[in-house]
Every structure is written in C-alpha cells, then in structure tokens.
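A.B. asks:
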Amino acid sequence: MNNATQNRLFTEEGVTVEPVITVRGLRTAFGDHVVHDNLDLTVFPGEILVLVGGSGTGKTVLLRQIIGLDVPAAGTVKVLGHTLSELTPGERRRLSYRWGMLFQAGALFSALSVFDNVALPLRELRTVPEDLVRDVVMCRLAMVGLSSRDADKRPSDLSGGMVKRVALARALSLDPELLFLDEPTAGLDPLRSDEFVDLVRSLHRQLGFTVVMVTHDLDTLLALATRVAVLAEKRVIICDTVPEVLKFDHPFIHTFFLGERGLRALGDLAPKGMQHGKP
Amino acid sequence: MPHSALLATAAAPFRHEGGVCHVGGDWSVLALAEPGEVDRRRAALARAAQAGARWDMHGIDRLDTIGALIIWQAWGEKLPERVRWGAGQQDVFNALAMNKGEALTAAPRPESWAWVRAMGGGILRAAENGKALLIMLGQLVLDVGAMLRRPRLGPWREISAQVYRTGAQALGITALVGFLIGVVLSYLSAQQLQMFGADRFIVRLLGVSIVRELGPVLAAILVAGRSGSAITAQIGVMRVTQELDAMLVMGISHGQRLILPRVVALAVTMPLLVLWTSAMALLGGMLAAQAQLGVSAQWFLQSLPDAITLTNYWIGMLKGVTFGILIALIACHFGLRIQPNTESLGRGTTTSVVTSITGVILLDAVYAVIFSTVGI
Numbered sequence: 319m320n321n322a323t324q325n326r327l328f329t330e331e332g333v334t335v336e337p338v339i340t341v342r343g344l345r346t347a348f349g350d351h352v353v354h355d356n357l358d359l360t361v362f363p364g365e366i367l368v369l370v371g372g373s374g375t376g377k378t379v380l381l382r383q384i385i386g387l388d389v390p391a392a393g394t395v396k397v398l399g400h401t402l403s404e405l406t407p408g409e410r411r412r413l414s415y416r417w418g419m420l421f422q423a424g425a426l427f428s429a430l431s432v433f434d435n436v437a438l439p440l441r442e443l444r445t446v447p448e449d450l451v452r453d454v455v456m457c458r459l460a461m462v463g464l465s466s467r468d469a470d471k472r473p474s475d476l477s478g479g480m481v482k483r484v485a486l487a488r489a490l491s492l493d494p495e496l497l498f499l500d501e502p503t504a505g506l507d508p509l510r511s512d513e514f515v516d517l518v519r520s521l522h523r524q525l526g527f528t529v530v531m532v533t534h535d536l537d538t539l540l541a542l543a544t545r546v547a548v549l550a551e552k553r554v555i556i557c558d559t560v561p562e563v564l565k566f567d568h569p570f571i572h573t574f575f576l577g578e579r580g581l582r583a584l585g586d587l588a589p590k591g592m593q594h595g596k597p
Numbered sequence: 025m026p027h028s029a030l031l032a033t034a035a036a037p038f039r040h041e042g043g044v045c046h047v048g049g050d051w052s053v054l055a056l057a058e059p060g061e062v063d064r065r066r067a068a069l070a071r072a073a074q075a076g077a078r079w080d081m082h083g084i085d086r087l088d089t090i091g092a093l094i095i096w097q098a099w100g101e102k103l104p105e106r107v108r109w110g111a112g113q114q115d116v117f118n119a120l121a122m123n124k125g126e127a128l129t130a131a132p133r134p135e136s137w138a139w140v141r142a143m144g145g146g147i148l149r150a151a152e153n154g155k156a157l158l159i160m161l162g163q164l165v166l167d168v169g170a171m172l173r174r175p176r177l178g179p180w181r182e183i184s185a186q187v188y189r190t191g192a193q194a195l196g197i198t199a200l201v202g203f204l205i206g207v208v209l210s211y212l213s214a215q216q217l218q219m220f221g222a223d224r225f226i227v228r229l230l231g232v233s234i235v236r237e238l239g240p241v242l243a244a245i246l247v248a249g250r251s252g253s254a255i256t257a258q259i260g261v262m263r264v265t266q267e268l269d270a271m272l273v274m275g276i277s278h279g280q281r282l283i284l285p286r287v288v289a290l291a292v293t294m295p296l297l298v299l300w301t302s303a304m305a306l307l308g309g310m311l312a313a314q315a316q317l318g319v320s321a322q323w324f325l326q327s328l329p330d331a332i333t334l335t336n337y338w339i340g341m342l343k344g345v346t347f348g349i350l351i352a353l354i355a356c357h358f359g360l361r362i363q364p365n366t367e368s369l370g371r372g373t374t375t376s377v378v379t380s381i382t383g384v385i386l387l388d389a390v391y392a393v394i395f396s397t398v399g400i
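Just so you know, the sequences run in chain order A and B.
Read left to right, the first sequence gives residues 319 to 597 (the working numbering).
Read left to right, the second sequence gives residues 25 to 400 (the working numbering).
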C-alpha cells in the first residue's frame, strides 16, 4: 500500500519513469538499537524530495546509506540504476561523478582556497584542461552568487552562509544529476536561509537535477518540496505531496506540521479548523 | 555536396553537411573526461564556427553545463543566429548565459626580494614564540603558586590522568628503545676497548654516558614525539571545536586547567622515565657486555655503584625534570597557537615536536657547558 501511494503521483499522469533512487527493505541497527526496519523509499527524476522525522529517526544515516558512506545491515539501495552493494570500485567512482552532496557543516577542504575547492572534482578527472576548469568554476561561483573576489579566500575566512554557497558550488561542480542536501539551512539566519532556498530553487529550475534533502526547517520544506517522506516507526510512513501528507493521521505529523510553528508556516495550506480534510 | 566532410573521425559527435553543423552524442562531463576529448571537440567546433555554419543540436542525447560551456565558448559566448534546438537544450544555455563567470583576478606577482622578507619574518616569528613561551612560563609560576596556596582547588584529577597517559603508557616504548640503544652502545664500545685490553672500563663508560647523557636525552626525544605531539594536537582540536573559547566563557583559565596539569605531570613522569630508560639501557649494555666481553652480570652490577657517582645520578634526574617542563610548555604553546583549520593543526604539531626536540638538545648542551665549568 505504501508503494502504491508513492508511485501514484506519477502513474496518475500516465508517465512511467525510472526512479532515480530505490531503497527496498533497508535495515539499520546500532547494536541492539534498530533505527530503520524494512524501510522503502523511491525518488523520481527531477523532484525535490524532503526527508523529515523526529531526531534520532535516522534521516542523516539514511542519506549516508543512499550515497554509500554507510552500509545498511540489510536491504538494497539502487541509485541511478546501480545497486550500491554490487559496484566495483571503478563503477563506484564513475557513479560518484554523477551526484553531489552538501554536508551540514560544508566540509570544505580548509587547506584549499574557494576556487580550488570548487575545482577539485574537475581536476580529479585529470583530463579537463585548466582553462576549461577555470571557466566552469567561475560559472559555478556565479551560479551560487559569489564573485571573483571570493575565489582566493580560504574557507576559514568565510561566513556560515558563504560556506554553504561554496559547498553548493562544489557539489554542483560536475553538473550532477542527483544532489543531496543535509540540513542546508541549519545555522543560517532567516534571511540567509531564504536566500539559500531561492538559490536552490532557481538552480533546480535551470539545471533540472533531482534533490534529496534532509531538513528540520518547515519554511524550507514548504518552499522546495515536491514530495515529503516522513520517517517514523523505523520506516517511511508516508511519501507524498504536502497536502496529502497533512491528511495522514500520525502523531509526528500532528506535532511537526500542525503545531503552532507548523500552522504559522503552513498559512493557507493549513487544514480548516484543524480537521484533516482537504486543504 | 561541397562541405560534406566528417570533422571528427574518432568520436564523431559532429557532422558537417551542406553548411549545417550537426552536433550530436554525449556532451556530459563523463564523456568529456576521456583523455584528449575536450581538445578534439574544441578543435572541431572551432573549424565549424569559422566556416560560419548553421547549427543543429538535435542529435545531442545528453548535455550538461560543462559540455554546453565548450559549445558556448566556440560560439564566442553568444547565441549564433541560426540554431535548431532539441527539447530542454536552450535552458542549459540560458543557465550559462545567466551565470557568466567573472574573469579571475590575476595573482599578484611575487616580489623579487621576497626571501629577505621571509627571513626577517622567520626571525620575528621565532622571537615572538620565545616571548610567548616566557610569558607562559611566568604565568605557570603564578599558577603553581596559587595551587600551592590552595591545594584543594588544584586540578588533581587532570594531573593524575596526564601522569598515567604520559608516564605509565610510555613505559613500553622507552624500555624497548633504551634496551636496544644499550646493546648497540655496549657492542660498539666493546670492540674499541678490546683493542686496548681495557675491557673492565665498559662499566664506567656505559654507566656515565647512559645515566648522565643518553638516558635523559633518549627519554626526552621519545616523550616529545609521543606525548608532546599528543598535547599539541589535543589542544589544537579543542581550538577547532571551540572548546577553548567555551572554557574562557565559563571563566576557566587555560593556564590552570590545560597547561599546569600537563607541565606538572611531565615534570613528575619525565625523571621517572629517565630512570627507567637508563636502567633498561644499562640492562641491555650488561647483557651485550656479557656476550661480547665475557664480563659477568654479577661483577657488572657490583662495580656499577662506583662507576655512576651520585652526582651523575642527580644530574640525570635534574635533566629529566627540566626536559619534561620544556616539552610540556612548548607543546602547550604551539597547541594554543593553532588556527581552526586542518592545515594549521598538522603544521602546529610538526613544529611542536621539532622545536621541543631541538630545545631539549640545546638545553642539554647548555648543561654540559655549565657542569664542565663548575667541574662536575
């Protein structure tokens, strides 16, 4: 039933598309503590999927498993047509050219300048001429709204918002088909956070990549999400558009979306008189 | 057809027909990452652009902004007059046109006299480090005074933890190195002494050189590499994670909680480690002398107290205490100077170890001069 709701969005429109990410029967356990059990998730091309869940529900762990940084105890993860556990090191490397990740704290290489950070993925290909590298990097910096003055700066000289922008430019360096964002607006003030959301939205429109994002921030979620996957009870309880998720009856959804903060952020989307009818 | 020619024979993403350049194939970064591919395509595009061709982009299956950038540059960074698009391709070029990267500002030319500046900077930095070390030593004396006045408030738990970490855990490595150096020294000396028939002097030779010089220096070098680097890295990481700032905010002074326990701990453990290393070196020397010269262990041990005078023993202990304080001070100093980035952490740790080993050997030379002038 869960699968049916996940696929409905696309099958109703009569479009059959190959999913970008397919997670089936995933299980994660730290010692006796089971975080995910029999978790399924499907991500379709071009959408922005937001993962939400209470703290300790393993959102970031799930993201790390999709990108292959952690290995699940059981289950399969298929990304861009490749099953992660069956990849040879060479295939693994080629796959890594096709995705980008924005880490929560940026994870910029502090020994390299902003320019070299963004250039690193291109230079690691070893075959791209340096003048093209320069043009691509300057284009990426322009995309995230940084000027050539910032190119020589060190990551330690940047503000929090700038670090996120540079990290985004680096994640976009190879023009990935798939972009992972881990708490992209955490630690930014509301203004910077809104700017960042606008940036991701406009880049998504221009470049058409698929985004999988973890966030706690309702404003970010509402501004960007095509679909929302809610993690609770060790699995994805619902993965659908915001109005459909609001109709779903679950304590976490009540507290997260329909609490005071949630209702304020939802605005017109909030269900009339707090009933879970059609918004 | 006059213009019918295959422009690029190998990859063949181009077909030039009747004044129309058909661009096709894979223009994603993965295809372009093949060796030489970028240059080949650029050359072919340049030829087509020079011929003033019309463009047909329908054949492209995959296009990303990096591939598009190559085509865009061949077009002279503007859209050509006549071009036919596939679905969605214009968006990629629009994205490029919207985000035209600025030219990179040229790096400033290096000055021709930069080495003078670098040398002067080095000297000034060394002087600055020396001054900071002196201030730290002064602060340490004040902190020790404060601790002695109110011993109940002293950081005893931290001191005990550091004693265990820098002392007890270093026993294994100092024993091994000391023992092996003793064996080596004994073998080398035995060869020379045998030539003169002065076998019996092996005890004096080993006793004085190990207890007075080798034991303290050997232990100090091992401790500087082992505990000194650990102290620097630990304090450095505390800077990176803002723990140092958090301590200041709570009103906990770095001197009392970080520097004092480490200095006191090393001042306690270093003489003990010196004693231990010297004993192990003498044990190694004794066994080697027995094997090489036939000097019995019993006789070796009996004549040892006469060979090592009490003065030499106390000189070894004094060296241990001062080397320990020096290593801890230098390690803390460079730890506190680390900037919150990975490069600085690595450089700081290296500098700390190199400086403390150099400092130990320098101090040892100073002791040698002082003791020889007073005649002990």
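Idealized CB from N, CA, C, for every residue including glycine.
Smallest Cα separation from A/A489: which of A/P589, A/V554, A/G418?
C.D. replies: Nearest option by C-alpha distance: A/G418.
A.B. asks: Out of curiosity, what's the CA-to-CA distance linking A/V515 and A/E501?
C.D. replies: Near 12 angstroms, if we compare the C-alpha coordinates of A/E501 and A/V515.
A.B. asks: For the stretch 139-157 of chain B, which residues have a CB atom closer than 8 angstroms to at least one CB atom of chain A, in sequence order?
C.D. replies: Flagged: no residues at all.
A.B. asks: Under 8 angstroms, Cβ to Cβ, is there at least one residue of chain B near A/A583?
C.D. replies: A/A583 does not count as touching chain B.
A.B. asks: Could you tell me which residues DSSP puts in a beta bridge with A/K396?
C.D. replies: Beta-bridge pairing links A/K396 to A/T340, A/T401.
A.B. asks: How about B/N365: is its C-beta nearer than 8 angstroms to some C-beta of chain A?
C.D. replies: For B/N365, the answer is yes, since a Cβ of chain A falls inside 8 angstroms of its Cβ.
A.B. asks: Using DSSP with H/G/I as helix, E/B as strand and the rest coil, what is B/L148?
C.D. replies: It is helical.
A.B. asks: Please report the straight-line C-alpha distance between A/L492 and B/V241, rounded to a whole angstrom.
C.D. replies: Approximately 54 angstroms, taken between the alpha carbons.
A.B. asks: Determine, using beta carbons only, whether B/G196 and B/I234 come nearer to each other than 8 angstroms.
C.D. replies: No, the Cβ-Cβ distance between B/G196 and B/I234 is not below 8 angstroms.
A.B. asks: Can you give the Cα-Cα distance for A/G505 and B/Q363, rounded to whole angstroms?
C.D. replies: Cα to Cα, A/G505 sits roughly 22 angstroms from B/Q363.
A.B. asks: Could you give the distance in angstroms between the alpha-carbon of A/Q383 and the alpha-carbon of A/P390?
C.D. replies: For A/Q383 and A/P390, the distance between alpha carbons rounds to 6 angstroms.
A.B. asks: Ignoring anything shorter than 4 residues, give me the alpha helix (DSSP H) runs that lie fully in the stretch 68-134 of chain B, in order along the chain.
C.D. replies: You should have 89-98, 113-122.
A.B. asks: Across the stretch 250-264 of chain B and the stretch 213-225 of chain B, are there enough close Cβ pairs to call them in contact, namely three or more that are closer than 8 angstroms?
C.D. replies: With the cut-off at 8 angstroms, the stretch 250-264 of chain B and the stretch 213-225 of chain B do not touch.
A.B. asks: Who are the neighbours of B/E58 on chain A, taking C-beta pairs under 7 angstroms?
C.D. replies: Simply T445.
A.B. asks: Would DSSP call A/D434 helix, strand or coil?
C.D. replies: In the structure shown, A/D434 sits in a helix (DSSP, three-state: H, G or I).
A.B. asks: With DSSP run on the structure shown, which of helix, strand or coil describes A/T538?
C.D. replies: Reduced to three states, the DSSP call for A/T538 is helix.
A.B. asks: Can you list, in chain order, the stretches of the alpha helix (DSSP H) that have 4 or more residues and sit fully within the stretch 173-225 of chain B?
C.D. replies: You should have 180-190, 195-220.
A.B. asks: Are there 16 or more other CB atoms within 10 angstroms of the CB of B/V62, so buried, or fewer, so exposed?
C.D. replies: That one is buried.
A.B. asks: With 8 angstroms as the threshold, decide whether the Cβ of A/Q524 is near any Cβ in chain B.
C.D. replies: Interface residue, yes.
A.B. asks: Using only CA atoms, which one of B/V116, B/G191, B/K102, B/V107 lies nearest to B/W300?
C.D. replies: Minimum Cα distance to B/W300 is reached at B/G191.
A.B. asks: Give a yes or no on whether the minimum CB-CB distance between B/T89 and chain A is below 8 angstroms.
C.D. replies: Closer than 8 angstroms to some Cβ of chain A, the Cβ of B/T89 qualifies, so yes.
A.B. asks: With 8 angstroms as the threshold, decide whether the Cβ of A/E557 is near any Cβ in chain B.
C.D. replies: One point to set straight first is that residue 557 of chain A is Cys, not Glu, in the sequence displayed. Not closer than 8 angstroms to any Cβ of chain B, the Cβ of A/C557 fails to qualify, so no.
A.B. asks: From the beta carbon of A/L327, is the nearest beta carbon of chain B less than 8 angstroms away?
C.D. replies: Legend: pLDDT at A/L327 = 48, less than 50; position of this residue unreliable, no value from coordinates given.
A.B. asks: Could you tell me whether any Cβ in chain B is nearer than 8 angstroms to the Cβ of A/S474?
C.D. replies: Output row for A/S474: interface = yes.
A.B. asks: Bridge partners of A/I556, per DSSP?
C.D. replies: Note: A/I556 sits in a beta bridge opposite A/V548.
A.B. asks: Apart from the five residues on each side of it in sequence, which residues of its chain come closer than 7 angstroms, Cβ to Cβ, to B/R361?
C.D. replies: So the qualifying residues of the chain are G372.
A.B. asks: Please report whether the beta-carbon of A/A547 lies at a distance below 8 angstroms from any beta-carbon of chain B.
C.D. replies: No, because no Cβ of chain B sits closer than 8 angstroms to the Cβ of A/A547.
A.B. asks: Over the uninterrupted alpha helix (DSSP H) stretch that includes A/H572, give me the two end residues.
C.D. replies: Unbroken alpha helix (DSSP H) run through A/H572: 569-576.
A.B. asks: What residue range is occupied by the uninterrupted beta strand (DSSP E) comprising A/V530?
C.D. replies: 528-532 is the extent of the beta strand (DSSP E) around A/V530.
A.B. asks: Under a Cβ-count criterion, where at least 16 other Cβ atoms within 10 Å of its own Cβ denotes burial, should A/E409 be classed as buried or exposed?
C.D. replies: With fewer than 16 Cβ atoms within 10 Å of its Cβ, A/E409 is classed as exposed.
A.B. asks: Going by DSSP, what residues sit across from A/G418 in a beta bridge?
C.D. replies: In the DSSP output, where bridge partners are listed per residue, A/G418 has A/L497.
A.B. asks: Go through its chain and collect everything with a Cβ distance to B/A291's Cβ below 7 angstroms, but skip five positions before and after it.
C.D. replies: V345, G348, I349, listed in sequence order.
A.B. asks: Check A/L359 in the structure and name its three-state DSSP category.
C.D. replies: Strand.
A.B. asks: Would you mind stating whether B/I90 and B/L69 have Cβ atoms separated by less than 8 angstroms?
C.D. replies: No, Cβ-Cβ distance for B/I90 and B/L69 is not below 8 angstroms.
A.B. asks: Using DSSP with H/G/I as helix, E/B as strand and the rest coil, what is A/A588?
C.D. replies: Correct three-state label for A/A588: coil.
A.B. asks: Would you identify the three-state DSSP class for A/V352, choosing helix, strand or coil?
C.D. replies: Correct three-state label for A/V352: strand.
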